[in-house]
Structure formats: C-alpha cells, structure tokens
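Trainee:
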Amino acid sequence: MVCTGHHTYAHLPLESFPGIEKFKGQYFHSRDYKNPDSFTGKRVIIIGIGNSGGDLAVEISHRAKQVFLSTRRGAWVLNRVGDYGYPFDTILSSRFNHLLKKIIGESATNRYLEKKINQRFNHEMFGLKPKHRYVPRLGVGRDGQSKV
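Taking the working numbering, the leading residue of the sequence shown gets 1, the next gets one more, and so forth.
Here it is as structure tokens:
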C-alpha cells in the first residue's frame, strides 16, 4: 500500500518501483483503503510514514501476518496521549515550548523535545531517527512570516 501525497491528492509513483509489473500481489494507494479484512494473514508493506501510513500500519497489523512500514528518511513518531493524559501534540506545542525556543534557541529546544519524545519511543533503536530535527518539521500553527 502506498501512502504518499498531500492530503487528498494521491501520489502513486509506479515508476519508482522497478519490477512492479512482475509483482503478483496487490498494490494501491491508501485513498482506496476500506478496511483491514482483506489483509488477514498477509505480509504487507506500507510505503509512507505520514498520518495515513502510521494509522493504517497499526490498524492492519491486527489482521495481517506481518506489516512493514517504509520511510525514506525516518520520522518523529509521537504517542497520541502524553503526560497526565494530555494530547501529545498539545504538550509539544505549548506556550512553554514556544517560549523555550525564543529564550534558548532552536537547537537547545530540539534537544529537549527530542529527548522527551525518545523517552516514550527510542527512534534510533528502531532505525527511525530522521536526519532532520523535530522543530523545523512542526508545521502546525505557523504564521505567514515563518521560514519553514
């Protein structure tokens, strides 16, 4: 299953998969996904580790024999629920963290946030630690003056 594209614009680059014409299994874009039943007992590879790829990997893993999640450059994987039951994305985008970034700079803020994220899920151990830092990829709530 390919989970690439931006929002509702599916991107299925078949030319990026040499030998796809000889592949005997199914391939399709996540946009065409209906439910996990058709994956029962199968080995599945999901290409793309955005929200769709991550959600589908978890859902399909309950039925499939084995699920692989493929990413080009790693990704910061967050739990949905953080300390004291608060949504994790809310914790990371708090006023405190924004103030921290202004006071101590982006590099130190990244060290703090990446340490906090890795306390729940060790990205290096699972081969998912991306080359990019956490803060530049945090694109939610940016204003028009942002350099991101």
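All residues carry an ideal CB built from backbone N, CA and C; glycine is no exception.
For S70, report the span of its alpha helix (DSSP H) as first-last.
Mentor: That residue, S70, is in no alpha helix (DSSP H); its beta strand (DSSP E) goes Q66 to S70.
Trainee: Rounded to a whole number of angstroms, what is the C-alpha to C-alpha distance between V135 and L128?
Mentor: 16 Å
Trainee: In terms of alpha-carbon separation, which member of H132, V67 and E59 lies closest to E114?
Mentor: Measuring C-alpha to C-alpha distances from E114 to each of H132, V67 and E59 identifies H132 as the nearest.
Trainee: Give the DSSP-derived three-state secondary structure of A10 in the structure shown.
Mentor: In this structure, A10 counts as strand in the three-state DSSP scheme.
Trainee: Who are the Cβ neighbours of C3 in its own chain at under 7 Å, not counting the five residues just before and after it?
Mentor: Cβ neighbours of C3 within its own chain (closer than 7 Å, five residues either side excluded): S30, I46, I47, G48, G50, S52, G53 and L56.
Trainee: Can you find the residues in the same chain that come closer than 7 Å, C-beta to C-beta, to P130, ignoring five residues on each side of it along the sequence?
Mentor: R73, G74, A75 and W76
Trainee: What does a CB cutoff of less than 7 Å around F88 pick up in its chain, not counting 5 residues either side in sequence?
Mentor: L78, N79, R80, V81 and G82
Trainee: Can you list, in chain order, the residues of its chain with a C-beta nearer than 7 Å to that of R120? Leave out the 5 residues immediately preceding and following it.
Mentor: Within the same chain, R120 has close Cβ partners N79.
Trainee: Hey, how far is the Cα of K116 from the Cα of K22?
Mentor: 44 Å
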